[in-house]
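Notes to accompany the following structure.
In full-length UniProt numbering, the protein residues as written are 1 to 295.
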């Protein structure tokens with residue numbers, strides 16, 4: 001129980017520290033520097049909390065759900081996920097310099113998170129942290145399946161995640177935030193036994209790239225190319241194209257929603273005297289019915 005309390009304290013203290021740093025950055029930094037760089041760094045720093053504590057599966061999933069709830073409410077839309085930043089670029093919602101700054105902030109935030117985690121372990125506040133500190137240099141890989149299967153799993157997780165983000169991006173936060181948090185939790189529960197279900201290249205690089213068991217190229221295929229492929233497929237399915245690269249829709253035909261009604265053309269403005277039905281080809285005065293201009 002003491003180890004659990006220490007780990008929970010680490011998690012909430014990290015979140016409180018990041019929230020304080022976020023508010024200070026928002027107040028002190030220019031708007032552009034905060035929106036593009038600082039909030040991504042703070043978001044990435046708090047992202048590592050559940051994995052750094054080495055919680056059990058049930059508690060990890062609970063904290064993961066609470067983390068994404070708190071993130072959606074407080075962290076101003078920062079993603080801490082390189083594939084989300086690249087999605088914004090492909091959707092033509094972010095410029096190339098802004099995207100590169102976000103990627104740099106995510107990398108910096110993840111390095112800061114690793115440093116903070118190792119510092120916490122070095123304090124040896126619990127037996128669990130002492131064990132983690134001893135095992136830090138000989139960690140086991142999070143990839144517990146073959147490389148092709150792992151890449152497919154990460155691509156499928158990223159596909160579901162990004163497609164949900166695209167469909168909910170204009171929804172009120174009261175609906176979108178719990179939905180995304182629930183999706184991430186369910187995905188982590190379903191695919192966690194294969195790859196830990198990171199579908200976040202920065203998080204995966206920090207947690208498992210230094211671990212033995214697979215080569216760097218194999219990790220890149222699973223944890224970088226897999227999520228990137230899933231994200232691109234989600235954008236293609238949702239938009240029918242990659243807006244940054246193609247103007248024409250590649251999959252869906254653009255049909256006009258308003259069709260002109262089929263029928264005979266309207267009579268010309270000068271054609272005001274149309275013969276009555278049944279009198280075609282007859283003289284106006286030959287019938288027993290008076291014409292409209294008869295006196």
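We put the CB at the ideal spot given by N, CA and C, even for glycine.
- When DSSP states are grouped into helix, strand and coil, residue 25 belongs to the helix group.
- Residue 212 carries a strand assignment under DSSP once its states are collapsed to helix, strand and coil.
- For residue 98, the closest alpha carbon among the candidates 184, 223, 167 and 82 is that of 82.
- Per DSSP, reduced to three states, the secondary structure at residue 140 is strand.
- By the neighbour-count criterion, in which a residue is buried when 16 or more other Cβ atoms sit within 10 angstroms of its Cβ, residue 203 is buried.
- A Cβ-Cβ separation of about 16 Å leaves residue 11 out of contact with residue 181 under the 8 Å criterion.
- Here the region 170–188 does not lie against the region 95–111, with fewer than 3 beta-carbon pairs under 8 Å apart.
- When only Cα atoms are considered, residue 72 and residue 78 end up about 9 Å apart.
- When the Cα atoms are used, residue 116 and residue 18 turn out to be separated by approximately 12 Å.
- Using a Cβ-Cβ distance cut-off of 8 Å, the region 217–231 and the region 149–156 are in contact, since at least three pairs of beta carbons, one from each stretch, lie closer than that value.
- The beta carbon of residue 243 sits closer than 6 Å to those of 91 and 92, all from its chain and outside the five residues before and after it, given in chain order.
- A Cβ-Cβ separation of about 4 Å places residue 176 in contact with residue 168 under the 8 Å criterion.
- Exclusion of the five residues before and after residue 120 leaves 10 as the residues of its chain whose Cβ lies within less than 6 Å of its Cβ.
- The Cβ atoms of residue 70 and residue 15 sit closer than 8 Å to each other.
- By the criterion of a C-beta distance shorter than 7 Å, residue 222 is surrounded in its chain by 143, 147, 150, 151, 154 and 195, once the five residues flanking it on both sides are discounted.
- The shortest C-alpha to C-alpha distance from residue 62 to any of 210, 205 and 178 is the one to 178.
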